[in-house]
Amino acid sequence: MNFAVLASGNGSNLQAIINAVKAGKIKGHLVLVVSDRENAFALKRARKAKVPTAFVDPKQFSDRESFDRAVVEKLRQSSVDFVALAGFMRILSSYFINAYRDKILNIHPALLPAFKGSHAIKDALEYGVKVTGLTVHFVDEQVDHGVIILQEAVPIHPTDTLEKLEKTMHSVEHKLYPKAIDLFARGKLEIRGRMVRLR
Ligand code: GRF
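Numbering (my numbering), first residue to last: 970 to 1168.
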């Protein structure tokens, strides 16, 4: 299966995915990295790994759907079968979701449905929960809502700072996300309602 990664920022998850593909731990072909930010470090990582890249400039489009149409066109040109969002800071339109229904994965740094949104690690720390974690899920029309594929818990210690917790969370997600992507790429995930079963 061919897949693409969409990323807006640093791309540490992208790097983990690139490494896992190279090591044969993801049985899929990473054929494209797309970003909505021209200077995203994720694009540099992709170029370094010789993965084709595309920058799609949101400023060139009047609304979310026309931007998404341009991205989907690029995915189709590269024969992309499924998509992994990795720090992609845009909400997908239903056009995009319908084009790749049940074929878009995302990683969220909290145990969903707790701490949705873009400051999940900070929110969990400030709330005082003793356990947070990572969630890999399918993307549907609602933000941080789709069917859950894998979750892993991360304990929060009283001495944790935001920086320390972020570091721990990243090290966990860099293992969990490639694992979920590999399961999908090998056709091991079966969706039944809100449940995902391993085949
Ligand atoms: C990660 O924390 C991920 O869980 C969230 O966005 C962040 C992206 O980080 N969805 P990076 O760009 O992969 O380093």
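Yeah, the Cβ is synthetic: ideal placement off N, Cα and C, and Gly gets one too.
Worksheet item: Which ranges does the beta strand (DSSP E) cover as unbroken runs of at least 3 residues, wholly within the segment 1003 to 1037, from first to last along the chain?
Response: 1022 to 1024
Worksheet entry | Buried/exposed call for Asn-1075, threshold 16 Cβ in 10 Å | buried
Worksheet item: Is the number of C-beta pairs between the segment 1031 to 1047 and the segment 1100 to 1112 that are closer than 8 Å three or more?
Response: no
Worksheet item: Nearest CA to the CA of Asn-982: which residue from His-1143, Ser-1087, Glu-1034?
Response: His-1143
Discussion item. Assuming contact is defined by CB atoms lying nearer than 7 Å, are Leu-975 and Leu-1054 in contact in what I supplied?
Written reply: yes
Worksheet item: Is any heavy atom in the ligand GRF found nearer than 6 Å to the beta carbon of Pro-1078?
Response: yes
Worksheet item: For the beta strand (DSSP E) that contains Ala-973, what are its first and last residues?
Response: 971 to 975
Worksheet item: What are the start and end residues of each continuous alpha helix (DSSP H) run of 4 or more residues lying completely inside the segment 1078 to 1145, in chain order?
Response: 1089 to 1096
Worksheet item: When the distance is taken between beta carbons, is Gly-1056 closer than 7 Å to Gly-1156?
Response: no
Worksheet item: Just to check, is the beta-carbon of Ala-1055 closer than 6 Å to a non-hydrogen atom of the ligand NAP?
Response: Summarising the ligand content, the structure contains the ligand GRF and does not contain the ligand NAP.
Worksheet item: With a CB to CB cut of under 6 Å and the five nearest residues on each side skipped, what residues in its chain are close to Ala-1093?
Response: Ala-1079, Phe-1084, Thr-1101
Worksheet item: Does the segment 1138 to 1152 touch the segment 1116 to 1125, meaning 3 or more C-beta pairs lie closer than 8 Å?
Response: yes
Worksheet item: Considering only residues of the same chain and omitting the five flanking positions on each side of Ala-985, which have a CB-CB separation below 7 Å?
Response: His-1143, Tyr-1146, Pro-1147
Item to complete: Compute the distance between the beta-carbons of Asp-1032 and His-1077, then report whether it is under 7 Å.
Response: no
Discussion item. I'd like to confirm the pairing. Which residues does DSSP put opposite Ala-1053 in its beta bridges?
Written reply: Val-974, Leu-1074
Worksheet item: In the DSSP assignment, what are the bridge partners of Arg-1166?
Response: Glu-1159
Worksheet entry | Per DSSP, cross-strand counterpart(s) of Leu-1001 | Ala-973
Worksheet item: Is Ile-1160 closer than 7 Å to Val-1108 when the C-beta atoms are compared?
Response: no
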